[in-house]
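Everything on this sheet refers to the single structure shown next.
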Amino acid sequence: MLHERAVIDPRSGRPTNANLAEYHVPVNADVPSLEAILVEEHDPHVNALGIKGVGEIGITGTAGAVANAVWHATGVRMRRFPIRIEDLAKPASL
Numbered sequence: 047m048l049h050e051r052a053v054i055d056p057r058s059g060r061p062t063n064a065n066l067a068e069y070h071v072p073v074n075a076d077v078p079s080l081e082a083i084l085v086e087e088h089d090p091h092v093n094a095l096g097i098k099g100v101g102e103i104g105i106t107g108t109a110g111a112v113a114n115a116v117w118h119a120t121g122v123r124m125r126r127f128p129i130r131i132e133d134l135a136k137p138a139s140l
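For what it's worth, the working numbering labels the leading residue of the sequence shown as 47, then goes sequentially.
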């Protein structure tokens with residue numbers, strides 16, 4: 047995450063910080079103390095490694111968001127994945 051702020055020169059109307067050299071990029075030292083809390087649980091349906099996670103929940107809508115972005119940018123509605131440049135060139139076959 048970039049902590050950015052556009053500073054505009056009032057005389058010219060142009061940004062005075064037009065490159066990434068002045069942006070603050072947070073690093074580990076900028077994050078407050080975190081503690082991971084694990085909940086012990088027996089689940090007979092978990093995979094062979096005994097691993098469960100919520101990562102997929104957070105990225106479920108990503109593919110649809112990318113397809114919508116392609117549609118807004120090109121006017122071509124993609125309904126198959128992966129989206130390839132060849133598919134954008136021939137929208138009648140979709």
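Positions of the beta carbon are idealized from the N, C-alpha and C atoms, including for glycine.
Can you tell me whether DSSP reads Ile-129 as helix, strand or coil? Coil at Ile-129, not helix or strand.
Nearest neighbour of Asn-65, chosen from Asn-74, Ile-54, Val-73 [CA to CA]: Between Asn-65 and the set Asn-74, Ile-54, Val-73, the nearest pair of CA atoms involves Ile-54.
Asp-51 versus Val-71, Ser-58, Asn-114, residue with shortest Cα-Cα distance: In the sequence as displayed, the identity of residue 51 is Arg instead of Asp. Of Val-71, Ser-58, Asn-114, the smallest CA-CA separation from Arg-51 is found for Val-71.
When you compare only the Cα positions, how much space is there between Ala-115 and Pro-128? Pro-128 has its alpha-carbon roughly 14 angstroms from the corresponding atom of Ala-115.
Asp-89 versus Lys-98, Glu-81, Pro-56, residue with shortest Cα-Cα distance: Per the Cα distances, Lys-98.
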